[in-house]
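> One structure follows; several queries about it will come next.
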Amino acid sequence: MKKLWMIAGSALVMSACSDNVAEMNPAPAGNNNFVTLAEISASLPATRAYLEDVEFGAGKEVKTFWSSGDCITVWSEQEPERLLLYRLKSGADTPNAVFEVVGNEEGVHGTQFYALYNGSSSASKQITLNSVQNNNINRPSNNIAEGAAPMAAYAAVEDGSLSNVRFAFKNLCGIMAVTLTTDADAALGSITLNSTANLTGSGEVRFVNGEPSFRIGANAGKSISRELGNYKVKGGEPNTFYFVVPAQSYGYLALDVMSSTNPKPVWSRTRTIADGLSVDAGSITRIANVTVRTVAPHVYKVGDIYPNGAVGGDVKGIVFEAAQDGQSGKIAALKDCSVNGTEVSDEIGTYYWYSWGPSAAALNSISDGKANTEAVRGNSADYPAFAAALALGDGWYLPARDELSTLFDMQGELINKGGYQEMLGIAYWSSTLTGSARAKKINYYDAVEAAMATVSLSSQSTVEGSVRAIAQFEIK
2 MKKLWMIAGS ALVMSACSDN VAEMNPAPAG NNNFVTLAEI SASLPATRAY LEDVEFGAGK
62 EVKTFWSSGD CITVWSEQEP ERLLLYRLKS GADTPNAVFE VVGNEEGVHG TQFYALYNGS
122 SSASKQITLN SVQNNNINRP SNNIAEGAAP MAAYAAVEDG SLSNVRFAFK NLCGIMAVTL
182 TTDADAALGS ITLNSTANLT GSGEVRFVNG EPSFRIGANA GKSISRELGN YKVKGGEPNT
242 FYFVVPAQSY GYLALDVMSS TNPKPVWSRT RTIADGLSVD AGSITRIANV TVRTVAPHVY
302 KVGDIYPNGA VGGDVKGIVF EAAQDGQSGK IAALKDCSVN GTEVSDEIGT YYWYSWGPSA
362 AALNSISDGK ANTEAVRGNS ADYPAFAAAL ALGDGWYLPA RDELSTLFDM QGELINKGGY
422 QEMLGIAYWS STLTGSARAK KINYYDAVEA AMATVSLSSQ STVEGSVRAI AQFEIK
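Under the numbering used here, think of the first position of the sequence shown as 2, with each following residue one higher.
Given below as structure tokens:
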């Protein structure tokens, strides 16, 4: 197992090496050019390389050290099938570890050597990324799974001297970091990542010109989980969890969080967290920083009170349009706007579209009244119908043509819901202008004809209409 530490430092070096000393034994008979490695002493800035993570702040670095019981597999170019296991002899909790050959073996023979740390206690060139990476949490920042991040190294004898043997271990995989914040105290049972690319499986490490590489070739899987054992988290406090994965490009990724490993979990949540990213070997790539709701959000449909569960004065509006997942849509105000009236009428709640002369504003959207309304916000005093909608507060606007049409189509689903009042005006303004530059027309709903209609732009300050404001909502 490796221990993860946070230490002050300068710029990070992903793979580095320093002098290594290997104990020399007599070469085996018949191979006078071979040397034998009985012990390997590796002095590296970080035996498993540096791991970058911005979570720890500027001038900080995350570093991994050898741990008691660590083993590495060593073989040579000259005897590629003779794999020997070396166990950590000294240097636990430091980057300066000495490994000795296990058992009565005399050590690996040759002149070019390969070493692999794969988290295994038996000699093997095989690397396996399991679909379940159990957690080892000693500190909040130390939850990389035990034995999960493989690395490899190449070393060669120069001038027949073992003192020149240098092992520069390099990471073969990358690490995905997921930061979760729950909205309330919770116990996390597991976190699962799902992808269209392989996340788990096994394969042999390969060396080309001394450079190691790893690719999944068997038992491939597109899902990886971290079992947390009901790990307790405090609401509002972020927790970061790490997944060791192949260093490659990824497309679709989804995150599934379960609060319990019991047969019937208390809750589970799924979020799509990324679309197109690359994970580099030896680097922590932050793929998500999400807030998880412990209570499932309400799925809104047409006719629902917004927000869900509101009563009396807390009701903001009634849903008249909802997305398929019920997490976004549009709401209508409970009643027509009634703040002030037109400049020449005593009838409260009817408004001129514009207060004087032809408008020069380009209000061309037929489906986005919010954009139209924002276009005149700075001059809203000259646009009474728009100002009436804006007076309701943040988010309210004069509906565009298609939004107003949909609102009237849905009237039967809205009346008497949460205090919603029927739209009984003779005409209702939209925020949309249509037509050519010299023949612009204002779109409005003609309640007498029960259809959308238009009026000449030259009549905008003489014709009155009612206003029913709308707003957009999205559950994040």
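Note that CB positions come from ideal geometry on N, CA and C, so glycine has one too.
#1: Go ahead and pull the three-state DSSP assignment for Ser460.
#2: What would DSSP say about Gln1, mapped onto helix, strand or coil?
#3: Would you mind sorting Ile416 into buried or exposed? The rule is 16 or more other CB atoms within 10 Å of its CB.
#4: Would you call the stretch 455-468 in contact with the stretch 307-326, where contact means no fewer than 3 C-beta pairs closer than 8 Å?
#5: Answer with buried or exposed for Arg378, where buried requires no fewer than 16 other C-beta atoms within 10 angstroms of its C-beta.
#6: Considering Cα atoms alone, identify which of Trp67, Tyr445, Glu101 and Tyr352 is closest to Arg402.
#7: With distances taken between CB atoms, is the gap from Val109 to Leu85 smaller than 8 Å?
#8: Kindly indicate which residue of Lys441, Thr183 and Gly202 has the alpha-carbon position closest to the one of Pro258.
#9: Whole angstroms are fine: how far does the CA of Ala389 sit from the CA of Ser460?
#10: Kindly examine the ligand ZN and report whether one of its heavy atoms sits closer than 7 Å to the Cβ of Asn417.
#11: Cutting at 7 Å between CB atoms, please list the residues of its own chain near Met488, excluding the five before and the five after it.
#12: Which first and last residues belong to the alpha helix (DSSP H) in which Glu82 is found?
#13: If Leu200 and Ile225 are in contact, beta carbons under 8 Å, what's the gap, nearest whole angstrom?
#14: Does the stretch 231-241 come into contact with the stretch 207-222, if we say contact requires no fewer than three beta-carbon pairs (one atom in each stretch) closer than 8 Å?
#15: Measure the C-alpha to C-alpha separation of Ser122 and Asp186 and round it to an integer number of angstroms.
#16: Taking the continuous alpha helix (DSSP H) assigned at Val377, which residues delimit it?
#17: Do you know offhand how far Gly104's Cα is from Lys126's?
#18: Go to Phe387, then tell me how far its alpha helix (DSSP H) extends in each direction, as first and last residue.
#19: Confirm, please, whether the CB-CB distance from Gln473 to Lys331 is below 8 Å.
#20: Taking the Cβ atom as the reference point for each residue, do Ser191 and Arg227 lie within a distance shorter than 8 Å?
#21: Using C-beta distances below 7 Å, list every residue in its chain close to Tyr355, excluding the 5 sequence neighbours before and after it, in chain order.
#22: Using the Cα positions of Thr197 and Tyr251, report the straight-line distance between them to the nearest angstrom.
#23: Assuming Ser111 contacts Glu82 under a Cβ cut-off of 8 Å, what Cβ separation, rounded to an integer in Å, is found between them?
#24: Give the straight-line distance between the Cα atoms of Ile306 and Leu256, rounded to the nearest whole angstrom.
#25: Does DSSP put Glu53 in a helix, in a strand, or in coil?
#26: Return the chain-ordered ranges of every alpha helix (DSSP H) run that is complete within the stretch 197-280 and spans a minimum of 4 residues.
#27: Leaving aside the five residues before and after Ser457 along the sequence, list all residues of the same chain whose C-beta is less than 7 Å from its C-beta, in chain order.
#28: Assuming Leu117 contacts Pro96 under a Cβ cut-off of 8 Å, what Cβ separation, rounded to an integer in Å, is found between them?
#29: Taking DSSP as the reference, what is the three-state secondary structure of Gly313?
#30: Within the continuous beta strand (DSSP E) that includes Glu322, where are the two ends?
#31: Answer with buried or exposed for Asp326, where buried requires no fewer than 16 other C-beta atoms within 10 angstroms of its C-beta.
#32: Using the Cβ count rule (16 or more neighbours within 10 Å means buried), how would you classify Ser437?
#33: Go ahead and pull the three-state DSSP assignment for Arg469.
#34: Which partner residues does Asn290 have in the DSSP bridge list?
#35: According to DSSP, which residues form a beta bridge with Ala451?
#36: Report yes if the CB atom of Glu40 is closer than 8 Å to the CB atom of Glu106, and no otherwise.
According to the structure shown:
#1: Stepping through the sequence shown from its first residue, residue 460 is reached at position 459. Ser460: helix per DSSP, three-state reduction.
#2: Any answer about residue 1 is impossible in this case: the structure gives the chain only from 2 up to 477.
#3: Working through the sequence shown from its first residue, we reach residue 416 at position 415. It is exposed - the Cβ of Ile416 has fewer than 16 other Cβ atoms within 10 Å.
#4: no
#5: Walking along the sequence shown from the start, residue 378 turns up at place 377. That one is exposed.
#6: Here residue 402 refers to the residue found at position 401 of the sequence shown. Scanning Trp67, Tyr445, Glu101 and Tyr352 for the CA closest to the CA of Arg402 turns up Tyr445.
#7: Working through the sequence shown from its first residue, we reach residue 109 at position 108. Working through the sequence shown from its first residue, we reach residue 85 at position 84. Yes; because the gap between Cβ atoms is below 8 Å, this pair is in contact.
#8: For this step, residue 258 is matched to residue 257 along the sequence shown. In the sequence as displayed, the identity of residue 258 is Val instead of Pro. The residue with the shortest Cα to Cα distance from Val258 is Thr183.
#9: Position 459 of the sequence shown holds residue 460. Position 388 of the sequence shown holds residue 389. In this structure, the CA atom of Ser460 is about 19 Å from the CA atom of Ala389.
#10: This structure simply doesn't include the ligand ZN, nor any ligand for that matter.
#11: This structure cannot settle anything about residue 488, because the visible part of the chain is limited to 2 through 477.
#12: As a first step, residue 82 must be located in the sequence shown, where it is residue number 81. First-last for Glu82: undefined, no H or E at that position.
#13: In the sequence shown, counting from the first residue as 1, residue 200 sits at position 199. In the sequence shown, counting from the first residue as 1, residue 225 sits at position 224. With 8 Å as the limit, Leu200 and Ile225 qualify as a contact, their Cβ atoms being about 4 Å apart.
#14: no
#15: Counted from its first residue, the sequence shown places residue 122 at position 121. Counted from its first residue, the sequence shown places residue 186 at position 185. Distance between the alpha carbons of Ser122 and Asp186 is about 39 Å.
#16: Against the sequence shown, residue 377 aligns to sequence position 376. Unbroken alpha helix (DSSP H) run through Val377: Gly370 to Val377.
#17: Counting from one through the sequence shown, the residue named residue 104 turns up at place 103. Counting from one through the sequence shown, the residue named residue 126 turns up at place 125. Computed Cα separation, rounded: 19 Å.
#18: Residue 387 sits at position 386 when you count from the first residue of the sequence shown. Per DSSP, Phe387 belongs to the alpha helix (DSSP H) from Pro385 to Leu391.
#19: Within the sequence shown, the letter at position 330 stands for residue 331. Within the sequence shown, the letter at position 472 stands for residue 473. Contact: yes.
#20: For this step, residue 191 is matched to residue 190 along the sequence shown. For this step, residue 227 is matched to residue 226 along the sequence shown. The answer is yes: Cβ separation under 8 Å.
#21: As a first step, residue 355 is located in the sequence shown; it is residue number 354 there, counting from the start. Taken in chain order, the residues that qualify are Asp383, Tyr384, Gln461 and Ser462.
#22: Position 196 of the sequence shown, counting from 1, holds the residue named residue 197. Position 250 of the sequence shown, counting from 1, holds the residue named residue 251. So the alpha carbons of these two residues sit roughly 7 Å apart.
#23: In the sequence shown, the residue the question calls residue 111 occupies position 110. In the sequence shown, the residue the question calls residue 82 occupies position 81. According to the sequence as given, residue 111 is Gly; it is not Ser. Not confirmed; about 12 Å, so no contact.
#24: In the sequence shown, counting from the first residue as 1, residue 306 sits at position 305. In the sequence shown, counting from the first residue as 1, residue 256 sits at position 255. One C-alpha to the other measures close to 30 Å.
#25: In the sequence shown, residue 53 corresponds to position 52, counting from 1. Any reading at Glu53 must be qualified, since the residue scores a pLDDT of 46, below 50, and its modelled position is unreliable; no value is offered.
#26: none
#27: For the purposes of this step, residue 457 is identified with residue 456 of the sequence shown, where counting begins at 1. Excluding positions up to five away in sequence, the list reads Lys442.
#28: Indexing the sequence shown from 1 puts residue 117 at position 116. Indexing the sequence shown from 1 puts residue 96 at position 95. With a Cβ gap of about 18 Å, Leu117 and Pro96 do not count as contacting.
#29: In the sequence shown, counting from the first residue as 1, residue 313 sits at position 312. Three-state DSSP puts Gly313 in a helix.
#30: Numbered from its first residue, the sequence shown carries residue 322 at position 321. Segment Gly318 to Ala323, the beta strand (DSSP E) holding Glu322.
#31: Here the question's residue 326 lines up with position 325 in the sequence shown. With fewer than 16 Cβ atoms within 10 Å of its Cβ, Asp326 is classed as exposed.
#32: Locating residue 437 in the sequence shown gives position 436, where the first residue counts as 1. By the 10 Å Cβ count, Ser437 comes out exposed.
#33: Taking the sequence shown and counting its residues from 1, one reaches residue 469 at position 468. Of the three classes helix, strand and coil, the one that applies to Arg469 here is coil, per DSSP.
#34: The residue labelled residue 290 in the question sits at position 289 within the sequence shown. DSSP output for Asn290 lists Thr180 as bridge partner(s).
#35: Position 450 of the sequence shown, counted from the first residue, corresponds to residue 451. Beta-bridge pairing links Ala451 to no other residue.
#36: Here residue 40 refers to the residue found at position 39 when the sequence shown is read from its first residue. Here residue 106 refers to the residue found at position 105 when the sequence shown is read from its first residue. No, the Cβ-Cβ distance between Glu40 and Glu106 is not below 8 Å.
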